[in-house]
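Everything on this sheet refers to the single structure shown next.
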Amino acid sequence: MNNSKRKRVFSGVQPTGKLTIGNYVGALQQWVTHQGDNDTIFCVVDLHTLTFPEDMTPKVRFEKSREVVALYLACGIDPKQSDIFVQSHVREHTELTWVLNCVTPIGWLERMTQYKVKAQGRESVSTGLLDYPVLMAADILLYETDLVPVGDDQKQHLEVTSDIAQRFNHLFGNVFRIPQVVIPKTGARLMGLDDPTAKMSKSTAEKKVGHAVCLLDPENVIKKTVMSAVTDSGQEVRLEHASPGVINLLTIYEVLTKTPRPEIEARFAGKGYGQLKKDVFVAIMETLRPLQERYRQITADPAYVEQVIKDGADRVRPIAERMMRQVREMTGLG
Ligand code: TYM
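Every position in the sequence shown, counted from 1, becomes a number in this note's numbering once 10 is added.
Given below as structure tokens:
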């Protein structure tokens, strides 16, 4: 089964907010391309959502995990080819996190951009938020992961994962494989449609209309969001000095339609922003219409979703248990 060319691919999404086309392009769309030729494991990282315990009720946490699993399936993750599971269903994630905590200098975590951004303006911040990258490192290292397909914003977390793995290997012996980050060439960071200087984010999308196109938004809402996207004071697409808002729209068009760049340039150069937005809207709907239809069919059968995550956890658990046994032996635990 695991011949030498096959790579272990691992990635995940936090079940928070409303998943956007940023998540689709940066993560889910690329995950699908790894299926078949590799051992692909996709996780819904519910433990990470506890870093802000007051932001989500237990009921919503449970339901969001299932929603995200259903979205994985609707986006084309095939449970016959990939293992899909919920992080908290495999206990080894938290156990390995403790061991890794003890080899991770606090300074590495305090430097994380995402920690600083998320902690900003909060009266109190949990230890879990600071520790977030260590839990993420445990997710990846438990499964001897070769490749981690993610968007651009996760690069720093992947760097610290490698640092933690190397430090453990140095202190206790060579047990962890050093993972490689895989970031898409185009669309690694889609920007907000209301503000093209800020990353499109699923938590902002939940609070602010017009910020993002969400995977489950109705057509009329998507149309309004795209047609009111911020561009600049000009009228028509100028490719030499395109503004961030125009670049963002062109990027969305490129990644969703897979049109080569020269063709896109020929299509839009000198055209009005209205035309560009209309074509972006059509491209989005061509992707989201079938996705939403699949989502409706999948969620009509909640027992199926439960079965998928049970089977997924049952298949990946032995891998995590084996790794954890090794870690216990090497550290003199157990
Ligand atoms: P999360 O849930 O914030 O995002 C999920 C995935 O979507 C990508 N992404 C984007 N890509 C392009 N443009 C955007 N605007 C955009 N916004 C988000 C993210 O880069 C990510 O790939 N820490 C992770 C979850 C995680 C994880 C892991 C990932 C936990 N453990 C192990 C990989 C491996 C996170 O919060 O992603």
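The beta carbon of each residue, even a glycine, is placed where N, CA and C say it ideally should be. No experiment lies behind these values; they were computed from the predicted model shown.
Out of curiosity, what's the CA-to-CA distance linking residue i and residue j?
i, j, result
"Gln307", "Leu81", "11 Å"
"Gly197", "Pro206", "13 Å"
"Gly344", "His99", "21 Å"
"Met11", "Gly22", "Note that Met11 has pLDDT 47, beneath the 50 cutoff, so the model's placement of it is unreliable and the number below is only indicative. Using only the alpha carbons, I get a separation of about 23 Å."
"Leu266", "Val231", "19 Å"
"Met122", "His167", "8 Å"
"Lys195", "Ser172", "22 Å"
"Leu260", "Ser243", "17 Å"
"Arg177", "Val113", "7 Å"
"Asp141", "Phe186", "19 Å"
"Leu301", "Cys85", "6 Å"
"Ala330", "Ala148", "10 Å"
"Thr269", "Leu225", "21 Å"
"Leu249", "Val290", "16 Å"
"Trp118", "Lys126", "12 Å"
"Asp65", "Thr43", "33 Å"
"Lys165", "Asp88", "26 Å"
"Glu339", "Leu110", "15 Å"
"Pro272", "Lys288", "20 Å"
"Glu229", "Glu303", "12 Å"
Cβ atoms of residue j and residue i: under 7 Å apart, would you say?
i, j, result
"Tyr263", "Ala293", "yes"
"Leu286", "Val326", "no"
"Gln91", "Gln40", "no"
"Gly131", "Leu60", "no"
"Phe20", "Tyr153", "yes"
"Lys15", "Leu157", "no"
"Arg75", "Pro143", "Reading the sequence as shown, one finds Ser at residue 75 and not Arg. Not a contact, by the Cβ cut-off of 7 Å."
"Val192", "Ile31", "no"
"Asp93", "Gly284", "no"
"Ala215", "Lys28", "yes"
"Arg199", "Asp162", "yes"
"Phe182", "Thr341", "yes"
"Val54", "Val79", "yes"
Rank the options by C-alpha distance to the C-alpha of residue i and give the top, closest one.
i, options, result
"Ile116", "Gln45, Val170, Met295", "Val170"
"Gly255", "Arg277, Asp227, His221", "His221"
"Asn245", "Gly282, Lys218, Leu225, His251", "Here the sequence assigns Gln to residue 245, which means Asn is not the residue at that position. Of Gly282, Lys218, Leu225, His251, the residue nearest in Cα terms is Gly282."
"Val219", "Ala208, Arg304, Asp204, Leu225", "Asp204"
"Ala239", "Glu73, Met201, Ile274, Thr269", "Met201"
"Leu83", "Val318, Pro328, Arg332, Ala330", "Val318"
"Glu73", "Asp88, Asp56, Pro89", "Asp56"
"His58", "Gln97, Pro159, Asp47", "Gln97"
"Asn33", "Phe62, Asn111, Trp108, Lys209", "Lys209"
"Pro159", "Glu133, Val135, Pro189", "Pro189"
"Asp227", "Gln336, Arg299, Ser136, Asn258", "Arg299"
"Thr155", "Asp311, Gly280, Thr50", "Thr50"
"Glu133", "Asp311, Pro328, Phe62, Leu38", "Phe62"
"Tyr305", "Lys217, Glu77, Ala37", "Glu77"
Using a C-beta cutoff of 7 Å, does residue i count as contacting chain B?
i, result
"Leu181", "In summary, chain B is missing from the structure at hand, where a single protein chain is found."
For residue i and residue j, which I take to be in contact (beta-carbon distance under 8 Å), what is that distance rounded to the nearest angstrom?
i, j, result
"Met334", "Glu105", "6 Å"
"His103", "Leu145", "7 Å"
"Leu151", "Ala175", "6 Å"
Exercise for the section: Note down, one range per segment and in chain order, each alpha helix (DSSP H) of at least 4 residues found wholly within the segment 264 to 305. Expected result: 271 to 278
Handout entry: Any alpha helix (DSSP H) of 4 or more consecutive residues that is wholly inside the segment 138 to 213
Key = The segment 138 to 213 contains these whole alpha helix (DSSP H) runs: 165 to 182.
Problem - Within the segment 227 to 258, ranges of the beta strand (DSSP E) (whole runs, at least 3 residues) - result: none
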